[in-house]
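Scroll down for the structure; my scribbles are underneath it.
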Amino acid sequence: MNPYYLFLGLGIWTVFGVLIANYAKRYMGIGMEDFFLANRKIGGFISAMTYSATTFSAFMMIGLVGLVYSTGVGAFGFEMTYLMFTVLLLGIFAPRFWSVGKKYNLLTPSEMLSHRYEDKKVGMVSTIVFLIMLIPYASIQMMGAGFLFHGLTGGQVPYMVGVIIMAAFSGFAALWAGMRSVSWTDAFQAITMLVSATILLFYIFYYIFQGPVNFFSTISSQNPELLQFTWSIEMFIGLSLPWAFFALTNPQVSQRMFVSKDVKSLKNMVIFFSLFAFIYTIITSLFGFAIANHIPGLAVADQAMPTLLSQVPTVLAVIIFVGIFAAASSTLGSVILTLSSMTTRDLAQPLGKNLSEKQQLLIGKSTIVLLILVCIIFASLRLELIAVLSAMASGGLLVTAPALIGTFFWKKGTSQGAIISMLVGGFVTGSMFIFNIYPLGWWPSIWGFVVTIILYIGVSLATSPPEKAEEFLEVVDEEMKKNGF
Amino acid sequence: MKISYSSRDFIIISIIVAIVNLAIPYLFLKDYSEYWVNFVFWTVLTLIVMFIGYIYIKDWGDSE
Numbered sequence: 001m002n003p004y005y006l007f008l009g010l011g012i013w014t015v016f017g018v019l020i021a022n023y024a025k026r027y028m029g030i031g032m033e034d035f036f037l038a039n040r041k042i043g044g045f046i047s048a049m050t051y052s053a054t055t056f057s058a059f060m061m062i063g064l065v066g067l068v069y070s071t072g073v074g075a076f077g078f079e080m081t082y083l084m085f086t087v088l089l090l091g092i093f094a095p096r097f098w099s100v101g102k103k104y105n106l107l108t109p110s111e112m113l114s115h116r117y118e119d120k121k122v123g124m125v126s127t128i129v130f131l132i133m134l135i136p137y138a139s140i141q142m143m144g145a146g147f148l149f150h151g152l153t154g155g156q157v158p159y160m161v162g163v164i165i166m167a168a169f170s171g172f173a174a175l176w177a178g179m180r181s182v183s184w185t186d187a188f189q190a191i192t193m194l195v196s197a198t199i200l201l202f203y204i205f206y207y208i209f210q211g212p213v214n215f216f217s218t219i220s221s222q223n224p225e226l227l228q229f230t231w232s233i234e235m236f237i238g239l240s241l242p243w244a245f246f247a248l249t250n251p252q253v254s255q256r257m258f259v260s261k262d263v264k265s266l267k268n269m270v271i272f273f274s275l276f277a278f279i280y281t282i283i284t285s286l287f288g289f290a291i292a293n294h295i296p297g298l299a300v301a302d303q304a305m306p307t308l309l310s311q312v313p314t315v316l317a318v319i320i321f322v323g324i325f326a327a328a329s330s331t332l333g334s335v336i337l338t339l340s341s342m343t344t345r346d347l348a349q350p351l352g353k354n355l356s357e358k359q360q361l362l363i364g365k366s367t368i369v370l371l372i373l374v375c376i377i378f379a380s381l382r383l384e385l386i387a388v389l390s391a392m393a394s395g396g397l398l399v400t401a402p403a404l405i406g407t408f409f410w411k412k413g414t415s416q417g418a419i420i421s422m423l424v425g426g427f428v429t430g431s432m433f434i435f436n437i438y439p440l441g442w443w444p445s446i447w448g449f450v451v452t453i454i455l456y457i458g459v460s461l462a463t464s465p466p467e468k469a470e471e472f473l474e475v476v477d478e479e480m481k482k483n484g485f
Numbered sequence: 486m487k488i489s490y491s492s493r494d495f496i497i498i499s500i501i502v503a504i505v506n507l508a509i510p511y512l513f514l515k516d517y518s519e520y521w522v523n524f525v526f527w528t529v530l531t532l533i534v535m536f537i538g539y540i541y542i543k544d545w546g547d548s549e
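Note that the protein sequences, when read in sequence, are chains A and B. No gaps in the numbering here: position 248 of the first sequence is 248 in my numbering, and each next residue is one more. Numbers in my numbering are just positions in the second sequence, counted from 1, shifted up by 485.
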């Protein structure tokens with residue numbers, strides 16, 4: 001494809017994105033809460049769209065499509081498992097995060113852990129775990145843009161140009177007005193993702209398969225192996241378990257449980273997100289089946305979508321490209337903003353002691369720039385296999401689940417239990433992934449999770465719970481009742 | 486510590502979904518490809534979970 005069309009399409013789209021970010025800035029106030037949480041004043045629709053755009057990254061249109069292409073319907077089951085447990089986790093945790101966030105003025109999930117366990121070291125350790133696991137995940141979004149630019153233009157646009165363009169747009173969205181510009185541009189990006197994917201679905205249905213009925217019957221008769229569930233139970237659980245806890249363990253989404261302006265907005269966030277996720281997951285999964293039938297035999301499954309784009313009309317390819325770019329940049333911007341809020345609030349603030357709001361904001365904004373630079377360096381290393389790296393990030397973050405669940409459901413959970421379980425669990429999971437160790441065929445995230453649970457419970461029982469743990473749980477209960485949950 | 490009724494229900498539903506989500510595909514659907522049956526199974530199960538979630542979530546804030 002002529003790079004001119006790609007730059008033109010992306011350029012027009014970016015102008016709208018910049019205008020929206022700039023408009024969001026008009027409503028910006030001062031202080032940390034305003035910059036990182038939009039002063040907890042985000043309405044239901046925008047909350048749902050920023051939640052959706054943050055959750056769904058380039059993985060859906062590249063990694064998931066490739067996974068369906070190569071392994072069939074199991075990949076769809078894995079992604080739907082994520083959605084089911086996200087709805088259930090939001091049902092359990094959204095009222096709790098939102099209520100305590102408001103009550104204690106908490107800005108980050110790490111700050112919530114520090115508060116509950118009465119030890120700032122818990123927040124520091126969890127922030128370090130989040131940084132280690134999410135920097136590769138954020139970098140993957142830039143890599144996606146780099147590969148797409150390079151691939152779609154037949155190598156005319158260098159890989160690093162794509163990386164830099166993505167970094168610039170996401171960095172701008174995060175810096176310009178913090179959570180306000182990120183969530184408003186996220187909403188624009190979520191709509192772009194859904195509309196562009198829907199257009200491609202219609203094209204596939206009507207131009208490639210001559211109608212939806214024919215599509216389903218063609219796949220059924222010509223690709224029955226893709227409709228068979230062939231995943232081993234070890235692979236299904238190994239991939240699904242970390243993603244089932246994604247809503248709780250990924251701070252870029254769990255922080256969004258703090259931002260809704262009222263209970264109605266929180267409620268609408270969950271309902272509209274689940275609808276968005278349901279439609280988007282079905283559409284992207286169908287692409288995998290369609291490409292497997294239309295362009296069989298690709299050696300690298302992640303090339304399925306880029307190869308399709310090289311064969312469709314240019315206008316459509318540009319629209320889909322912008323949709324994938326939007327998915328990646330919205331995830332990247334949100335991850336960077338959340339990581340910078342935690343670096344400021346949960347690392348710099350406890351270490352620096354008595355930093356003023358102004359100093360904290362300066363650190364926060366500087367961290368955004370620093371994180372973007374780190375991700376650019378990581379992306380330039382070009383590590384392969386987007387799906388596996390994304391899964392490792394979620395697998396690694398699973399070690400924060402016991403401490404987060406214990407925050408609300410186990411008064412005997414202690415700071416020592418939380419710290420040791422996250423550190424050792426993170427080390428076990430990370431080492432097993434790096435050295436490719438799968439004892440008895442089970443994935444590293446499963447072993448790491450088991451180690452984390454045992455350590456969290458064991459160490460907590462051997463140490464004294466925080467003085468006000470019971471009081472914290474009573475306050476949660478009272479606040480939830482007061483808020484009508 | 487008391488867990489509110491809706492949270493307790495959500496936890497019980499999560500456990501049931503975890504079991505059904507593994508048991509049905511591995512015990513009954515593993516070798517089938519006809520009628521997109523695996524695809525339909527996960528679509529329907531997800532719709533059921535979303536509907537149950539909606540039933541509880543729609544009442545949030547009612548006693549405000």
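The beta-carbon is built from N, C-alpha and C at its ideal position, and this holds for glycine as well.
Taking the alpha-carbon positions, what's the residue i to residue j distance?
| i | j | result |
| --- | --- | --- |
| Ser421 of chain A | Leu37 of chain A | 29 Å |
| Glu234 of chain A | Gly441 of chain A | 6 Å |
| Val253 of chain A | Val534 of chain B | 20 Å |
| Gly425 of chain A | Leu239 of chain A | 17 Å |
| Lys411 of chain A | Leu404 of chain A | 12 Å |
| Ile213 of chain A | Gly297 of chain A | What sits at residue 213 of chain A in the sequence shown is Val, not Ile. Approximately 24 Å, taken between the alpha carbons. |
| Ala299 of chain A | Pro444 of chain A | 26 Å |
| Asn293 of chain A | Ile219 of chain A | 7 Å |
| Ser139 of chain A | Glu471 of chain A | 41 Å |
| Gly352 of chain A | Glu79 of chain A | 42 Å |
| Val87 of chain A | Ala277 of chain A | 10 Å |
| Ser431 of chain A | Val451 of chain A | 13 Å |
| Tyr206 of chain A | Ser217 of chain A | 14 Å |
| Ile501 of chain B | Ser464 of chain A | 34 Å |
Figure out for me which residue from the options has the closest Cα to the Cα of residue i.
| i | options | result |
| --- | --- | --- |
| Met84 of chain A | A:Asn2, A:Tyr117, A:Phe245 | A:Phe245 |
| Lys120 of chain A | A:Phe472, A:Met392, A:Ile377, A:Gln416 | A:Gln416 |
| Glu519 of chain B | A:Phe229, A:Phe188, A:Tyr51, A:Ala292 | A:Phe229 |
| Met28 of chain A | A:Ser114, A:Met179, A:Phe147, A:Ile405 | A:Met179 |
| Phe35 of chain A | A:Lys267, A:Ser334, A:Leu200 | A:Ser334 |
| Tyr280 of chain A | A:Ser110, A:Val476, A:Met49 | A:Met49 |
| Asp186 of chain A | A:Pro3, A:Ser99, A:Leu275, A:Val18 | A:Val18 |
| Tyr539 of chain B | A:Ala393, A:Val270, A:Gly406 | A:Val270 |
| Leu362 of chain A | A:Tyr4, A:Leu10, A:Gly31 | A:Gly31 |
| Val68 of chain A | A:Val157, A:Leu398, A:Asp302 | A:Asp302 |
Compare the C-beta of residue i with all C-beta atoms of chain A and state if any pair is closer than 9 Å.
| i | result |
| --- | --- |
| Ile496 of chain B | yes |
| Ile542 of chain B | yes |
| Val522 of chain B | yes |
Can you check whether the CB of residue j is closer than 9 Å to the CB of residue i?
| i | j | result |
| --- | --- | --- |
| Ala326 of chain A | Trp13 of chain A | yes |
| Phe172 of chain A | Ala21 of chain A | yes |
| Arg40 of chain A | Gly77 of chain A | no |
| Tyr23 of chain A | Trp184 of chain A | yes |
| Thr338 of chain A | Pro439 of chain A | no |
| Ser260 of chain A | Gly43 of chain A | yes |
| Ala304 of chain A | Gly288 of chain A | yes |
| Met124 of chain A | Asp346 of chain A | yes |
| Met61 of chain A | Thr284 of chain A | yes |
| Phe526 of chain B | Ile509 of chain B | yes |
| Ala167 of chain A | Ile446 of chain A | no |
| Arg382 of chain A | Tyr137 of chain A | no |
Cβ closer than 8 Å: which chain A residues qualify as neighbours of residue i?
| i | result |
| --- | --- |
| Leu530 of chain B | Met80, Met84 |
Check whether chain B comes within 9 Å of residue i, counting only Cβ atoms and requiring the distance to be less than that.
| i | result |
| --- | --- |
| Phe278 of chain A | yes |
| Asn105 of chain A | no |
| Pro466 of chain A | no |
| Ser285 of chain A | yes |
| Pro224 of chain A | yes |
| Asn250 of chain A | no |
| Asn483 of chain A | yes |
| Lys264 of chain A | yes |
| Arg267 of chain A | In the sequence as displayed, the identity of residue 267 of chain A is Lys instead of Arg. Chain B contact via Cβ: present. |
| Ile204 of chain A | no |
| Gln360 of chain A | no |
Name the chain A residues that come within less than 9 Å of residue i, Cβ to Cβ?
| i | result |
| --- | --- |
| Phe513 of chain B | What Phe513 of chain B touches in chain A: nothing, since even the nearest Cβ is about 10 Å away. |
Just the chain B side, please: which residues come within less than 8 Å of residue i by C-beta, in chain order?
| i | result |
| --- | --- |
| Ile282 of chain A | Thr528 |
| Ser47 of chain A | Correct list: empty, because the minimum Cβ distance to chain B is about 13 Å. |
Just the chain B side, please: which residues come within less than 9 Å of residue i by C-beta, in chain order?
| i | result |
| --- | --- |
| Asn22 of chain A | Near Asn22 of chain A there are no residues of chain B at all, since even the closest Cβ is about 33 Å away, more than 9 Å. |
| Lys412 of chain A | The contacting residues do not exist; Lys412 of chain A stays about 10 Å from chain B at best. |
| Val259 of chain A | Ordered by position in chain B, no residue passes the 9 Å Cβ test against Val259 of chain A, which lies about 16 Å from the chain. |
| Val100 of chain A | Per Cβ cutoff of 9 Å: no residues; Val100 of chain A is ~14 Å from chain B at best. |
List the residues of chain B whose Cβ lies closer than 7 Å to the Cβ of residue i, in chain order.
| i | result |
| --- | --- |
| Ser220 of chain A | Trp521 |
| Phe76 of chain A | Phe524, Trp527 |
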